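Trainee: This is the structure, below, for whatever I ask next.
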Amino acid sequence: MSALAELEKRSYWIGIVKGLLITGRHFILNLTGIRKRPTIEYPEKRRKYSNRFMGIHVLTLKPTGEIACTACMLCATNCPADCIHIVAAESPNPNIEKYPAVYEIDLMRCVFCGFCEEACPVDAVRMGRDYEYAELSERNFVIGIDYLAHRPQLKKKNVSVFHEPEKTFKSTVRAD
Amino acid sequence: MIKHTQHYKNIRPMYVDLTPQPGEKRLLMEHVQVPNIHTLPVYESKGGYQALKKVLESKMDRETLIKEVQGSAVRGRGGAGFPTGNKWNFVPKNTDKPHYLLCNADESEPGTFKDRVILEHLPHMMIEGMIIGSYAIQAARSYVYIRGEYTYATEIVDRAIQEAYKAGYLGKNILGSGFDHEMVVHRGAGAYICGEETGLISSLEGKKGWPKLKPPFPAVEGYLRCPTVVNNVETLACVPWIINHGAEAYAKIGTPKSTGTKMWSVSGDVTRPGVYEVENGIPFKDFLEKVCGGMKGGRKLKALIPGGSSAPIMTAEEAMSCTLDYESIASKGSMLGSGGMVVLDDSRDLVQVLKNLAEFYREESCGQCTPCREGTGWLEKILHSFTERQARREDLQLLKTTSQNMIGRTICVLADSIAMPVLSYLEKFPGEFENYLQGSSNTSSMSGRVKHNG
Amino acid sequence: MTALENKKIEAPVKFSPEAQQKFEKILTQYDSKRSSLLPVLHLAQDEFGYCSDAVVEYVSQIMELSPAQVMEVVSFYTMYHRKPTGQNHFAFCMTLSCWMGGTHQLYKNFCARFGIKPGEVTPDGKFSVGKMECLGSCGTAPMLSVNETYYESMTPEKLNRLIESCRKGEPEVP
Amino acid sequence: MAKVKINGKDFEVPTGQNLVDAAENLGIDIPHYCYHPGLSIAGQCRMCYVEQPGNSKLQIACNMKCSDGLEVITDSPKVKDAVKWSLEFHLINHPIDCPICDQAGECGLQDYYMEVGKYSSEMREHKQIKQKAVDLGEKIVLDKERCILCGRCVRFTQEVSKTSELGIYNRGDRSVIGTVNDEVMKDNYQVNTVDICPVGALTSKDFRFEQRVWFLKEVSSVCNGCSAGCNIDTHHKSGKHIYRLKPRYNPEVNEYWMCDDGRPTYKTANYDHRLTAAKLGGVELPTNEAVTTWMNDLRTLIATERTDEIAAWIHPDLTSEEITSIVKTLRDEFGISQFYSEDADKSARDDKTVDQLLKRADLWCNTQGFLKVTSALKLKLGSLNQLEERLAQAKINHLVIFGSEKNVGVQSLKRIRAALPADCFTVLISPRLQNAELFSHSLAIPSISHYEKNGTIMNWKKIEQKLGSDFRMFKSAWSVEEILTSLSQEYQRPQKEVSRA
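Residue numbers (our numbering), protein chains in the order written: chain G, 1 to 176; chain L, 177 to 630; chain E, 631 to 804; chain V, 805 to 1305.
In structure tokens form, the structure reads like this:
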């Protein structure tokens, strides 16, 4: 075995110095910014995720501002984790028949698989882009309509692409 | 405020220009020009009610009477062309249920106005035919179902019936033969569907004019579920002549399969539109030149709708080479129907004609069966967007498949009455539709005239 | 309990004596009471002008039918009007031969002149318009019917003359 | 029996039976909308096409009666294409309302679209616009656009409920269903039109937007509204909540129909009406503990032969099995002799049909069964007045009350409550919360509601009917038999001495 290997085997501090050299090299490179550091100053700067990222759901709005969802329960049916709870009701707007009085998603059970987005016939629920959500107790993880549709992070950009032509009703028993 | 029942002061037939034309053979309309022929005395003076006397006084038994009508091979003049004798024969002989004879005077087929001439000028001939028919099928009661809009004709027929009652041709023990018979005029209320046999029966039962399911056929279970026979006005008007002159004489007239004469109501681009009675089998060319006075303004014939709006269209060549009887017209892919001929000259845009027909059938469909209710509406919408908005090539295929899936798929034949013409227009006049596809047609939808050649 | 039992006959409209007598005569002509519904509705429309809800109610009581059955018939046939019609109801025939004769143009001019659509009446209550299908007078196209009286081979001049005579109240005889 | 050949195979079917029914019984599904076995034949929807060899024109099956030698083909390509096109005609003016339509999941158009349709519609033009969400009273909502004009509801009101309130107005594709000027419907069988409507045109207000039908499971049961004993299906979601009742076909009892008063009877079984936990003077306790406390009091009375101080109150809504188990345990095992109940004879005597179809005057659902079982077991029954007298004379120290879940029994419970002496130990066994509040001071044991029971009841025609439900809505609510068996087990178990509280 070479002399250096022999010396190394007997004394321990050579190993330590070698290790320190490696960490020192990384330290210097990172500190001086020669090497591009992967860590970013979260939350001031954020990493850019792809458009297909599946974050917290979004309830889209119609151009007129109402919720696009018609409470047809297809998402609740398609959801493997059974975490969407909808209570439908008569809509105050006479031209819309049915709207969700209650639309809750239990984030603790949701696996963010996007099945609800696929099942929705009118692009009313989408997988959002934001992922930050923290609460003290698991009950608050059940998010309702106000959070899903009107949370500030959406910046009112959640408009549904599906536009139902406005229907006008007129009496149909033959006028003359 | 519509008040119309009482305000006719001088009741006289409205439709008057009936001068006989060369080439006509008038059996029914022989005395139509005689003034006041619609009253009983004048009609009797011209030989009226002889057939009734011949049948009732000799108490001719019903079998020979029906055989006589079958022998004359007279076919229904309303549109279906079903041999009248057979229809009378279907009525079961020994049921205790009352039998009914209904006269189908609900003439609302576009292009047809021949019944009106009989109703206004020769009501007694129809009444006589009805009494003989009722005697043949042992009907105690018969109804004349006149379309609601013919208010004049209703008045005239009503008075003719009162005259017949006074003269003893109606009521109890007619002419001492023991056969008593009641006759009532029933006004329709404006529905083309009530021209269909079972539609008329439903309307007479006080319901919407929805046709009934067949089987059971009306001869077995018709009006109020009793045996009923429904005959057209002209068919019943032929009966007295047949009884007077015998079945063989009638069979000799016209062609072997379509015997006797047919009253044609001609309209459209002819110099003399009107009602003409010609012998069956007369070539259309002679009929057009001699009887109707040729094309209006010397124009060229483009197309012919022979038997009312439900008859598929015929090209000019087909029309010129055919003779006016059931078989020849059928061989050209059309049908004689009710004899409401509409002549179209070369200035007419046939797609607009078809659109107008589709509007008619969409309005008149009774809405009972889905293929007809939705199909007529759809055809009209397709034709509307084809002519008014943007013509698309797949519309033609859509028109074709929709019509094919309407024919024979409904309770009555109203769906076929628009589906078959649509198929015939597509097949025989593709050029008309091509004009629209190239966008080169600038026809006014007002009257379907092609503007560019004036 | 059928819909009829809890309805007493207190509908505002009622047949005048001679109309009632004509009503009885009509009933005798048919074997089933319901068969006389169409003529009775014609009678009612002549008597009261148009088939309003009260008329439908009244006819359904005297004919022992349910209002729905009578309303079915009234809304099915074109000659029963659900809305009041003018003193002179102009019904233009829109179908094939008359259309080729140019009734669409006559109809458009008439509507433009009085500014009314089917089902409406001119403010002075004299005119109302209706689009009808084939009225069975194609030989003398184009044609129309005023209060169910036929006026044939119409030309714009004849139409104007007819309108003036109707405005004066006694329509000319065709 | 008629020998019939369908699709090449020979079958035996009763002669004269409608071809559509016969095929359905043989497992061959002929699509149909306007045909309903309980109504007249309309032949309007043109979906039930069959091809007869040798006849090129397709025939409709609903107008055909089975007779010897009838030969039809239901699955030839020509028939399939014809049915596909009939469905296309139905769909061209049908609004795309599936997301908001209650009928989605059990809609005739969806079913046959999946079976026969499966293509994209070629309709490019505008659909007909008609009135939507028309209010026809407090039971039904009508949507004229969804209606496919099959005429079933109109024929129902004309032939079955005989009020003819519905009609088809106008003509052609402007035809609409409705009452005259959309007036309120006063028919007492109008919710049946919701069941027979193949599409979502007529929907019931009680079930409007409540739940999606594919979440519901159905269980066969019998309505407890009155003594008619209409066979029904209870629709519930995983045994937690009952959403609606639908009639089930039974030729002798109610054919296909059910009256509207029976419809809301399921509400008494749901959470807000139910006593969900045993209570003693308002304090909740588990059911088995409640049974033991009941036993302790009972034991002392039985031990000291004072069984004549114990009385029991029963009512004809109990199923025959429940009554037999009551009599077996309380009378035979414990020796209780004083039994009081509603006057079942009187309600059986003056029971008559209220309207001309189904509804009966006697609101108890098992009167005949009650009379049969009590006479078989020779049970001596006292009346309510006798019970009140004995209570007034304070002869009764221990009262067992079986409360029914319907309003009809509350009257007599109130009278018992009024006559109850302070020191009498009462035990209420009832599913109903209102009864428990009435006897708030006493021991209340929750029992199961009528729609969870599994017994047999007998309608006024003395026809035995099985209640076949297989779910329990609340764990703490036991059936009467379970309560009594655990009571008798408690009785057998050697008991350490407990002084009477």
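Think of the CB as a built atom: it goes at the ideal place given N, C-alpha and C, for glycine as much as any other residue.
Because the structure is a prediction, the values reported are computed rather than measured.
Roughly how many whole angstroms lie between the Cα atoms of L/Lys342 and L/Arg335?
Mentor: 11 Å
Trainee: Would you say L/Leu533 faces chain V, with C-beta separation under 9 Å as the test?
Mentor: no
Trainee: Any idea if E/Met784 is buried or exposed, counting beta-carbon neighbours within 10 angstroms, 16 or more meaning buried?
Mentor: buried
Trainee: Could you give the uninterrupted runs of the alpha helix (DSSP H) lying entirely in the segment 477-530 of chain L, keeping only those of 4 residues or more?
Mentor: 492-496, 502-507
Trainee: Which residues share a DSSP beta bridge with L/Gly450?
Mentor: L/Val442
Trainee: Any C-beta of chain V within less than 7 Å: which residues of the segment 117-141 of chain G qualify?
Mentor: Correct list: Pro121, Val122.
Trainee: Using Cβ-Cβ distances below 9 Å, what residues of the segment 207-226 of chain L are close to chain E?
Mentor: none
Trainee: When DSSP labels each residue in this structure, what does L/Val475 get in the three-state scheme?
Mentor: The question names Val, but residue 475 of chain L is Arg in the sequence shown. If DSSP states are grouped into helix, strand and coil, L/Arg475 belongs with coil.
Trainee: Just to confirm before moving on: does the CB-CB distance between L/Lys269 and V/Ile972 stay below 9 Å?
Mentor: Their beta carbons are not under 9 Å apart, which means L/Lys269 does not touch V/Ile972 by this criterion.
Trainee: Starting from the N-terminal side, write out each stretch of the beta strand (DSSP E) that is 3 residues or longer and does not extend beyond the segment 302-353 of chain L.
Mentor: Segments of the beta strand (DSSP E) lying fully in the segment 302-353 of chain L: 315-322.
Trainee: So is the beta-carbon of V/Leu843 under 8 Å away from any non-hydrogen atom of the ligand GTP?
Mentor: No copy of the ligand GTP appears in this structure; indeed no ligand is present at all.
Trainee: Out of V/Lys1210, V/His1245, V/Gln994, which one is the CA nearest neighbour of V/Leu1167?
Mentor: If you compare the alpha carbons of V/Lys1210, V/His1245, V/Gln994 with that of V/Leu1167, the shortest gap goes to V/Lys1210.
Trainee: List, in chain order, every chain V residue whose beta-carbon is nearer than 7 Å to that of E/Ser662.
Mentor: Correct list: empty, because the minimum Cβ distance to chain V is about 16 Å.
Trainee: When you compare the segment 769-785 of chain E with the segment 722-740 of chain E, are there three or more beta-carbon pairs, one atom per stretch, that lie closer than 8 Å?
Mentor: yes
Trainee: Please name the residues in the segment 369-391 of chain L whose beta-carbon is closer than 7 Å to at least one beta-carbon of chain V, in chain order.
Mentor: Leu389
Trainee: Determine the DSSP secondary structure at L/Ser379, reduced to helix, strand or coil.
Mentor: Residue state, collapsed to three classes: helix.
Trainee: Beta-carbon within less than 8 Å of V/Thr1128's beta-carbon, same chain only, minus the 5 sequence neighbours each way: which residues are those?
Mentor: Val1177, Leu1181
Trainee: So what does DSSP say about V/Thr1123, is it helix, strand or coil?
Mentor: Coil at V/Thr1123, not helix or strand.
Trainee: Taking all protein chains shown into account, decide if G/Leu20 is buried (16 or more other Cβ within 10 angstroms of its Cβ) or exposed.
Mentor: exposed
Trainee: Within the same chain, show all residues whose beta-carbon is closer than 6 Å to that of V/Glu934, passing over the 5 residues directly before and after it, in chain order.
Mentor: A small fix is needed here, since residue 934 of chain V is Lys in this sequence, not Glu. Contacts found: Lys948, Glu949, Val980.
Trainee: Do G/Met73 and V/Arg1012 have their C-beta atoms closer together than 9 Å?
Mentor: no
Trainee: State the CB to CB distance for the pair V/Gly847 and V/Cys866, rounded to an integer number of angstroms; the pair is presumed to be in contact (CB under 8 Å).
Mentor: 6 Å
Trainee: Note down, in chain order, each residue of its chain lying with its Cβ closer than 8 Å to the Cβ of G/Val173, except the 5 sequence neighbours on either side.
Mentor: In this prediction, G/Val173 scores a pLDDT of 41, lower than 50, which makes its location untrustworthy; no coordinate-derived value is stated.
Trainee: Just the Cα atoms here: how many angstroms apart are E/Thr779 and E/Phe740?
Mentor: 18 Å
Trainee: Go ahead and pull the three-state DSSP assignment for G/Lys98.
Mentor: If DSSP states are grouped into helix, strand and coil, G/Lys98 belongs with the strands.
Trainee: Report buried or exposed for V/Ala1198, applying the criterion of at least 16 other Cβ atoms within 10 angstroms of its Cβ.
Mentor: exposed
Trainee: Return no unless some Cβ of chain E is closer than 9 Å to the Cβ of L/Glu304.
Mentor: no
Trainee: Does the distance from the C-beta atom of V/Phe1174 to that of V/Ser1145 stay below 9 Å?
Mentor: yes
Trainee: Buried or exposed for L/Gly483, please, with buried defined as at least 16 other CB atoms from any protein chain shown within 10 angstroms of its CB.
Mentor: buried
Trainee: Taking C-alpha atoms, which residue in V/Thr1007, V/Pro857, V/Met927 lies nearest to V/Asp939?
Mentor: Out of V/Thr1007, V/Pro857, V/Met927, V/Thr1007 has the C-alpha closest to the C-alpha of V/Asp939.
Trainee: Taking only beta-carbon positions, decide if G/Ala81 is within less than 9 Å of chain V.
Mentor: Output row for G/Ala81: interface = no.
Trainee: Specify the secondary structure class of L/Asn456 as computed by DSSP and reduced to three states.
Mentor: coil
Trainee: Quick check on L/Pro449 - is its C-beta less than 9 Å from some C-beta in chain E?
Mentor: Under the Cβ distance rule, L/Pro449 counts among the residues neighbouring chain E, one pair being separated by less than 9 Å.
Trainee: Starting from L/Pro597, follow the alpha helix (DSSP H) in both directions and report where the run begins and ends.
Mentor: 590-604
Trainee: Please classify V/Leu1191: does DSSP put it in a helix, a strand, or coil?
Mentor: Of the three classes helix, strand and coil, the one that applies to V/Leu1191 here is helix, per DSSP.
Trainee: Under DSSP, the beta strand (DSSP E) around E/Leu767 begins and ends at which residues?
Mentor: In the sequence under discussion, the amino acid at residue 767 of chain E is Ser, which differs from the Leu named in the question. Note, E/Ser767: premise wrong, no beta strand (DSSP E); not H, not E.
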